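In this note's numbering, the protein residues as written are 4 to 245.
Ideal Cβ placement from N, Cα and C applies to all residues, glycine included.
The model shown is predicted, which means the values in this text are computed figures rather than measured ones.
What follows is a set of notes on a single structure, which appears directly below.
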């Protein structure tokens, strides 16, 4: 088993709120400089920059997992990660069809830039990616699993766009076994108020929109090997504190 340093929630310049310095190659390079073992690209409702990130990360020896941060119909943010790039891109197409269509106004929201594997701009996304989809949180676990992926609710301790802030509580029929907490100092109180979390693996990521905000090594995740499949299997496995 390996203890892998990680940051599994990073935005590129494809997210309109992401800095334009957050190109796939820059993200991979920063992760390498910091000494991270594994990163995930999780742009809002899109995986279109994952091919470029995975190519750049391979050059740096950093494991990159393809994913996205999906916005549900309840405006809950959930991180979705996939073991295969092809599955992530298939999911990307599904989600874009379910994104509430509203043209992106670049002068207001920012550009939504797609990069190729030579770190050159090769396109943009016309509809605003930070909109909600018509995909409900109820059923999202099963949907992501049908694409051989894993889902976990993002930054559950935030006061907006989180499972707890938007739904008020964790649905009792939830199936996720990993949850993301931004401020780990809040974990004890979160568990006291939400006993469901006692049986969850708790991770913390940067949610970086700027290069300097990418998470420095410190937190680790245990996996059988340094591979996307192994990391996702860990995130899928029931948590045990023993």
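According to DSSP, simplified to helix, strand and coil, what is residue i?
i	result
residue 158	coil
residue 6	strand
residue 164	coil
residue 26	coil
residue 183	strand
residue 12	strand
What are the residues that DSSP puts in a beta bridge with residue i?
i	result
residue 72	47, 82
residue 114	According to DSSP, which records beta bridges pairwise, residue 114 is partnered with nothing at all.
residue 173	Answer is none; residue 173 lacks a bridge partner.
residue 197	Looking at the DSSP assignment, residue 197 forms no beta bridge with any residue, so it has no partner.
Would the beta-carbon of residue i fall within 8 Å of that of residue j?
i	j	result
residue 164	residue 80	yes
residue 138	residue 73	yes
residue 116	residue 23	yes
residue 28	residue 59	yes
residue 14	residue 183	no
residue 181	residue 204	yes
Hey, quick one: how far does the alpha helix (DSSP H) through residue i stretch, first residue to last?
i	result
residue 53	53-63
residue 39	Unbroken run through residue 39: none, as it is neither H nor E.
Does the ligand FMN have a heavy atom nearer than 7 Å to the CB of residue i?
i	result
residue 237	For the ligand FMN, the structure offers nothing, since it holds no ligand at all.
Tell me, to the nearest whole angstrom, how far the beta carbon of residue i is from that of residue j; I am working on the premise that it is less than 8 Å.
i	j	result
residue 47	residue 166	Actually they do not touch by this definition, with Cβ atoms about 17 Å apart.
residue 55	residue 119	6 Å
residue 75	residue 155	No, residue 75 and residue 155 are not in contact; Cβ-Cβ is about 13 Å, not under 8 Å.
For the beta strand (DSSP E) containing residue i, list its first residue and its last residue.
i	result
residue 213	Where residue 213 is concerned, there is no enclosing beta strand (DSSP E), given that its DSSP letter is neither H nor E.
residue 151	It is not in any beta strand (DSSP E) - residue 151 carries neither H nor E in the DSSP assignment.
residue 92	No beta strand (DSSP E) contains residue 92, which is instead part of the alpha helix (DSSP H) from 88-101.
residue 131	From DSSP, residue 131 is part of no beta strand (DSSP E); its letter is neither H nor E.
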